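Trainee: Residue numbers (the numbering used here): 36 to 322.
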Ligand code: 13P
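1) Would you check if there are 3 or more beta carbon pairs closer than 8 Å linking the segment 185-201 to the segment 164-171?
2) Return the chain-ordered list of same chain residues with a C-beta closer than 6 Å to the C-beta of residue 306, the five sequence neighbours on each side being excluded.
3) In the structure shown, what three-state DSSP assignment does residue 206 receive?
4) Does the Cβ of residue 312 have 16 or more other Cβ atoms within 10 Å, making it buried, or fewer, making it exposed?
5) Please tell me whether residue 48 and residue 261 are closer than 7 Å, where the distance is taken between their beta carbons.
6) Take the Cβ of residue 62 as the centre, count every other Cβ of all protein chains shown within 10 Å, and call the residue buried at 16 or more, exposed below.
7) How should residue 36 be labelled, buried or exposed, when 16 other C-beta atoms within 10 angstroms of its C-beta is the threshold for buried?
8) Would you decide whether residue 75 is buried or exposed? Buried here means 16 or more other CB atoms lie within 10 Å of its CB.
9) Looking at C-alpha atoms only, which residue of 119, 123, 115 and 280 is the closest neighbour of residue 87?
10) With the cut-off set at 7 Å, would you say residue 267 and residue 301 are in Cβ contact?
11) Beta carbon of residue 126, beta carbon of residue 94: below 7 Å?
12) Would you mind sorting residue 279 into buried or exposed? The rule is 16 or more other CB atoms within 10 Å of its CB.
13) Looking only at C-alpha atoms, which of 65, 240 and 142 sits nearest to residue 105?
14) For ligand 1, I want to know if residue 187 counts as a neighbour, meaning its beta carbon is within less than 6 Å of at least one of the ligand's heavy atoms.
15) Can you look up residue 119 in the DSSP assignment and give me helix, strand or coil?
16) Just checking residue 242 against ligand 1 - is the residue's beta carbon closer than 6 Å to any of the ligand's heavy atoms?
17) For residue 38, is the beta carbon positioned less than 6 Å from some heavy atom of ligand 1?
18) Quick check: what's the CA-CA separation for residue 39 versus residue 227?
19) Take residue 233 as the anchor and find which of 198, 292 and 187 has the nearest alpha-carbon.
20) Apart from the five residues on each side of it in sequence, which residues of its chain come closer than 6 Å, Cβ to Cβ, to residue 317?
21) Output needed for residue 60: all residues of its chain with C-beta closer than 6 Å, excluding positions within five of it in sequence on either side, in chain order.
22) Does the Cβ of residue 308 lie closer than 6 Å to at least one heavy atom of ligand 1?
23) Ligand 1 heavy atoms versus the CB of residue 119: any closer than 6 Å?
24) Taking the Cβ atom as the reference point for each residue, do residue 252 and residue 315 lie within a distance shorter than 7 Å?
25) For residue 221, does the three-state DSSP call read helix, strand or coil?
26) Going by the CB atoms, is the gap between residue 244 and residue 327 shorter than 7 Å?
27) Who are residue 37's beta bridge partners in DSSP?
28) State the Cα-Cα distance for the pair residue 292 and residue 285, rounded to the nearest angstrom.
29) List the endpoints of the continuous beta strand (DSSP E) containing residue 101.
30) Taking DSSP's pairing of strands, which residues face residue 57 in a bridge?
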């Protein structure tokens, strides 16, 4: 069932668990995540970056594929199709293409401009019944060519953006995309606590879910994080399983070169990763 992320995230915030956003790259990725969500009876958010949207031949191709797949696979758990780190233009394109949720990442604009653009998109989403995520304080690391400096958000600015009526709010708290460096000092729980105190019931979003230790994830959820984004970890699991298959020479045995066989171990590895995350985030059985 394709739905906005609003109800699932409000439920998660109230129930003190988090819904995973898993980024998709192609048909196999999408299928693996949807099937796992159904098996685990968990709500799920499919994340699509602008780069991944381009790779998959445009947002309309993605939206139509996801809708058809939900139908064909008989997926009954709530699924949100969400633009990840969208530009203003990208957000508008996704709304047109039939996404159920968007992120407008105006964190690189001066706060006044972030507020103005977020406010306009909140109005559009409200009218159409879509959910909208905004961001304050850039997430560090590199994702799809977008490089963030890893800022720590100003809780007062978070409150200003939350008050615009967004569905969920991403705030930089020392988290970064991709693998964490050896000298990473961990999440800034003091900042997260201050943000949650000011924003109350607003579901908070933790980006850069790959490589954050389980105890930090649990603590973040206890401090109001209700959506956690995971991308790199599924990519690493997929690549590792695919490499093992080829290194073992399995593509050279019989019809092992058939893409349906060659990509199968990678798909299983994504499913396993998604399942582990759903268990850690506490969303299993919460559909
Ligand atoms: P990772 O790639 O570090 O898991 O981050 C994903 C993310 O935050 C997508 O927005």
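Each residue gets a CB set at the ideal place from its N, CA and C atoms; glycine is no exception. It should be emphasised that the depicted structure is a prediction, and the values quoted were computed from it without experimental measurement.
Mentor: Walking through what the data contain:
1) yes
2) 67 and 71
3) strand
4) buried
5) yes
6) exposed
7) exposed
8) buried
9) 119
10) no
11) no
12) exposed
13) 65
14) no
15) strand
16) yes
17) no
18) 25 Å
19) 198
20) 52
21) 87
22) no
23) yes
24) yes
25) coil
26) The chain is shown from 36 up to 322; residue 327 falls before or after that span and cannot be answered.
27) 114
28) 8 Å
29) Unbroken run through residue 101 is the alpha helix (DSSP H), 94-108; no beta strand (DSSP E).
30) 81 and 265
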